[in-house]
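Sequential numbering of the sequence shown, starting at 59, is according to the working numbering.
Every residue, glycine too, gets a C-beta built ideally from N, C-alpha and C.
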Amino acid sequence: MNSPHLPGVPAPPLVTTGRPSVLARRHALSTTHQAATEAGHRVFLGGGTAIDAGVAAGLALNVVEPHLSNVLGVAPILLQPAEGDPVAIDGLGRWPSAWDRSAVLERFGSDLPVGVPRMVTPGAIDAWLTCLARFGTRPLAEVAAPAIELADGFPVSPRLASYLAAERETILTWPTTAAVFLPGGRTPAAGDVLVQADLATFLRRLVALEAAYAHRGRAGALLAVREDVFTGGIGRELAAFLADAGSGLTAADLTRARLTVEPPLVGRYQDHEVLACGAWSQGLVVPLTLHMLAGFDLTAAEETDRLHVIAEALKLAFADREAFLGDPELVDVPVEGLLSPQYAHERQRLLDQRLAAPGLPPPGDPWAHTGRRGPAGYRPVPTDGADGPDTTFVAAMDAAGNAFAATPSDPALLGPVVPGLGATVSTRGSMLWLEPGHPSVVAPGKRPRLTCNPGLLRRDGRAVLAYGCPGADAQCQAMVQLVVNLLDRGMGVQEAIEAPRIVTTSVPSSIFPHAWRPGGLAVESRVGGQVQGALAARGHRLEPLPAFAPQAAGVSAVRRHPDGLLEAGADPRREGSALGR
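Quick look at the structure:
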């Protein structure tokens, strides 16, 4: 067959899978958007570390994926410095101190409306500035330069164009948001140039503040910029806007805003440490699931057996997520028990290898492995409702041993854009619950339990994998399947990312109103018909997905091989890309 465009030239084969992994020696990164990957790569080429490049890519994601993240949203980070211990940064805001559950019910009834009512203090900008100050090497002026250029104008991606069209009526709810994303009342098409002038101005203001505080040194200047955002001139603008908008957040909430910089939680799988964010996120689901899977031989397992066991182990882990995980500053979370190998063995014995659990199994009793007693875990009741928005991701590594993984989130389109700043204050309150007894029930000053959960694997004290993805409650599921594909099935990074995926829907959505579909198993069409039939025979209610379904998450990953080779991959399910040198 000849190409209709180039007569006489043979047409290339149709490629539906098989992107090559990116191989590098000096540095490598992968993100969910090509422009963000290029932003991080540019900072690498300027002499930055994986941490500098990761922050640059994260800021760029806040610009080019505004339907998924923004600079006043959230940005949890896991990092391994070349020297020192790994660190988790929550990058997560807090609920208004004046609004307890009764105040919310009085204002909104059993609803938690989209927009201003869901706002928590900004987390992403705090995370970027704090991370760069404490662990980076380059100035903000250099790290933010690509994001500023993109805010001055970038071509709209097909996915962003589709989202803007689908959410046009919602965006029109807020005139300041519509002015940015529906310029002149018109919905941008793919390829149109989107200009975010106020956002560019805001980022330039931050760089100017850094220069004004240069006498304090690089780190001191960055922390001074952070203080201005929360308690200085920018903070006063934010407080005035929040008061006018009717948010429960006050200037006092901004002053009290703080992120946590803490050791990550650590599990084990094979001979690797599995690092996860704290109980303020759902990250614990990954080591919980892998601990149970360690009891099965997934290397030799047939596809039906492997997918079934993964799905059922995930259900058990998600049952414990709903039962116990919430802001550990306000909730007593039995982390030690949940990560206990003995507890994993108890839970794994409940997994029926021939029959699917019809819904979410009961939670376990991790308290028994902590040396103390505690309350029985919360058990959610199924409810209906729509799924919420998605997120973004960046992973980076360098030859010196730095590793970085971050999951920036919170759409700029689901609330009013702050005039002059070009960003929307985090609406992550959507992940709080109104049901009493739930570990993430709304409470003053509380951090909502995040879906966003970047991951790292370490071996012999050295980071060997930075990985994660957008995908809401599918995030942990895709991350578990990536680790199994790499460590049990011996795949390369890109092959492991592209392998067909499943997603259990037997878990409440983390996003209000927390809908779920008990017994459901979403399956990409590349899982063979015979395998799908066998899964259905085991009691899974199959939900068909396309061959490369965005609903199955969009993984980015960078792996370090024993000889120092860096291998990066990006998911064709999204608009991701990887680069290295």
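query	result
Cβ contact check for the stretch 435 to 444 and the stretch 401 to 413: 3 or more pairs under 8 Å	no
8 Å contact criterion, which Ala-334 and Gly-98 should meet: CB distance rounded	The pair is not a contact, with the Cβ atoms about 23 Å apart (cut-off 8 Å).
Backbone CA spacing between Leu-218 and Arg-244 [nearest angstrom]	14 Å
Residues near Val-178 by beta carbon distance below 6 Å, same chain, minus five either side	Gly-151, Arg-152, Trp-153, Ser-484, Arg-486, Gly-487
Status (buried if at least 16 other CB within 10 Å, exposed otherwise) for His-273	exposed
Per DSSP, the bridge partner or partners of Leu-346	In the DSSP output, where bridge partners are listed per residue, Leu-346 has none listed.
Complete runs of the alpha helix (DSSP H) confined to the stretch 107 to 176 [at least 4 residues]	108 to 122, 159 to 166
8 Å contact criterion, which Pro-469 and Thr-234 should meet: CB distance rounded	Not quite, the Cβ-Cβ distance comes to about 14 Å (not below 8 Å), so this is no contact.
Whole-angstrom distance between Leu-281 and Ile-292, CA atom to CA atom	14 Å
8 Å Cβ cutoff met for Val-641 and Leu-198	Since the first and last residues shown for the chain are 59 and 639, residue 641 lies out of range.
Burial state of Gly-480 (16 or more Cβ within 10 Å)	buried
Pick from Ala-415, Asn-128, Phe-288, Arg-559 that is closest to His-598, judged by C-alpha positions	Ala-415
Cα-Cα separation between Thr-183 and Leu-117, rounded to whole angstroms	Before going on, a small fix: residue 183 reads as Ile here, not Thr. Rounded to the nearest angstrom, the two C-alpha atoms are 9 Å apart.
Meets three-Cβ-pair contact criterion under 8 Å: the stretch 203 to 219 and the stretch 85 to 101	yes
Terminal residues of the beta strand (DSSP E) in which His-330 lies	330 to 334
C-alpha distance - Val-452 paired with Ala-532, whole-angstrom precision	17 Å
Rounded distance between the beta-carbons of Phe-354 and Val-367, thought under 8 Å	5 Å
DSSP-derived helix/strand/coil call for Tyr-271	coil
From Gly-336, Gln-411, Ala-369, residue whose alpha carbon lies closest to that of Asp-390	Gly-336
Contacts around Pro-386, its chain only, beta-carbon distance under 8 Å, and the 5 residues preceding and following it disregarded	Gly-336, Ala-337, Trp-338, Val-393
Thr-289 (DSSP reduced to helix, strand or coil)	helix
Segment contact flag, the stretch 533 to 541 with the stretch 341 to 361, C-beta cutoff 8 Å, min 3 pairs	yes
Boundaries of the alpha helix (DSSP H) in which Asp-378 is found, first to last residue	361 to 382
Every unbroken alpha helix (DSSP H) within the stretch 215 to 288, with a cutoff of 4 residues, ordered by chain	216 to 224, 226 to 229, 233 to 239, 255 to 270
DSSP-derived helix/strand/coil call for Ala-352	coil
Leu-523 - DSSP class collapsed to helix/strand/coil	strand
Residues near Pro-421 by beta carbon distance below 6 Å, same chain, minus five either side	Ala-377, Asp-378, Ala-381, Gly-435
Neighbour-count burial assignment, Gln-138, 16 or more Cβ in a 10 Å radius	buried
Per-residue DSSP class, three states only, for His-572	coil
Residue range of the beta strand (DSSP E) that includes Met-455	452 to 456
Distance, Ala-464 Cα to Gly-278 Cα	23 Å
Reduced DSSP secondary structure (H/G/I, E/B, other) of Trp-338	coil
Stretch-stretch touch, CB-based, cutoff 8 Å, three pairs: the stretch 122 to 136 with the stretch 212 to 226	yes
Straight-line Cα distance separating Gly-586 from Pro-604	13 Å
Under the three-state DSSP convention, the category Val-551 falls into	helix
Chain-order list of residues whose beta-carbon lies under 7 Å from that of Gln-36 (same chain, five-residue window excluded)	Beyond the ends of the chain as shown, which are 59 and 639, falls residue 36; an answer cannot be given.
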